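**Student:** Each residue of the sequence shown is one higher than the one before, starting from 1 at the first, in the UniProt record's numbering.
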Amino acid sequence: MDTNPATSIPEVILSSSGRRMPLLGMGTATSPLIGSGATKSAVVQAIELGYRHFDTATLYQTEEPLGEAIAEALSRGLIQSRDELFITSKLWCSDAHADLVLLALQKSLHHLQLEYLDLYLIHWPVSSRQGTYEFPIKKEDFMAMDYAAVWGAMEECQNMGLTKNIGVSNFTCKKLTDLLALAKIPPAVNQVEINPLWQQKKLRDFCKSNGIILSAYAPLGAKGTVWGSNRVLENEILGEIARAKGKTVAQVCLRWAYEQEVCVVVKSFNEERMKENLDIFSWAFSEEENKKLSEIPQSRGCQGQDYISDQGPFKTIEELWDGEI
């Protein structure tokens, strides 16, 4: 890992392109949706504080305000070049069809006012009926994804220079194995739920052995979303360690992920919390604290909703993903 001297946020080199990705990024998904002005203001403020990695998606409806914030940051001299930023967006399920991938990426670039993305991800390992942008996806809208065709279209987007890297989100070891078997360009990143209560050790080991960087969403449990909870922030072990370190529980969660060599995408539009999220690189856990962290009982947060596929009803994400944990 290397450190960017301009921001002091460590970076990792992506194996498929050799480009650098900051290991701490700011997410822009909000639930419920907030005004685009608030998103734009928060991103500009984050750039002022030193954030350089920003995560969006077609589904989030935040590409336009993120693009506006980048334009303002450039005009104000907060950054000298768009190349100083690492921008990620995602292909939604209804665009996960071979003939729609390029069009979807071009639309995202238009919204962002950018010529290229640094990373473009397949948002979920399923397709859905064209023209629908909603989550959860209705039973009648699910379709089987043609992985070879969709990934081939993603590879073409990288070959065209419209994105510097391609990757996936919410893929299990099994899904990644299937994808790696057919990929000419392997996925650079897999973005999944990771936090101390869902540590994903098997997936972390698999990705490390295959040169795939893991990126964590919901590193604090996604409190306030329709599927998240406060169980991470209220965990007694995390609270005990936070008090001993003189840190917040959020900082403990982010530091834990960083020590696992996981990129973290954290979402806060509060200035003080944005500053706190940056303060995770100058300290470390003791051996005893690491042992306590490794022994936290594990359970996925993104579950319990009525996810449906064309194969029938599924009660959890694991079942939708072939039962792979």
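Every residue gets a Cβ at the ideal spot worked out from N, C-alpha and C, and that includes glycine. Note that the structure is a prediction, hence the values are computed from the model and not measured.
(1) Going by DSSP in three states, Leu112 sits in which element: helix, strand or coil?
(2) Based on the DSSP secondary-structure assignment, which residues constitute the bridge partners of Asn195?
(3) Which residues mark the beginning and the end of the beta strand (DSSP E) in which Leu214 is found?
(4) Just how far apart, CA to CA, sit Val182 and Arg300?
(5) Are the C-beta of Leu24 and some C-beta of chain D separated by less than 8 Å?
(6) State the Cα-Cα distance for the pair Ile194 and Thr28, rounded to the nearest angstrom.
(7) Helix, strand or coil: how does DSSP classify Ile47 here?
(8) Do you know offhand how far Ala42's Cα is from Arg19's?
(9) Let's see if you can read the secondary structure: which residues bound the alpha helix (DSSP H) around residue 326?
(10) What do you get for Lys90, buried or exposed, if any count of 16 or more other CB atoms within 10 angstroms of its CB means buried?
(11) Is the Cβ-Cβ distance between Ser16 and Ile185 less than 8 Å?
(12) Quick check: the Cα distance between Ser286 and Leu180, rounded to an integer number of angstroms?
(13) Quick check on the burial criterion: 16 or more other C-beta atoms within 10 angstroms. Buried or exposed for Glu140?
(14) Do the segment 114 to 133 and the segment 145 to 164 make contact, defined as three or more Cβ pairs closer than 8 Å?
(15) Could you check where the alpha helix (DSSP H) with Thr177 kicks off and where it finishes?
(16) Looking at Gly67: is its Cβ nearer than 8 Å to the Cβ of Leu102?
**Tutor:** Reading off the structure:
(1) helix
(2) Trp198
(3) The continuous beta strand (DSSP E) containing Leu214 extends over residues Ile213 to Tyr217.
(4) Reading off the sequence shown, one finds Leu at residue 182, where the question assumed Val. When rounded, the distance between both Cα atoms is 29 Å.
(5) Among the chains in the structure shown there is no chain D, since it carries only a single protein chain.
(6) 17 Å
(7) DSSP, read as helix, strand or coil, puts Ile47 in helix.
(8) 26 Å
(9) Residue 326 is absent from the model: the chain starts at 1 and stops at 325.
(10) buried
(11) yes
(12) Those two C-alpha atoms are separated by around 37 Å.
(13) exposed
(14) yes
(15) Cys173 to Leu182
(16) no
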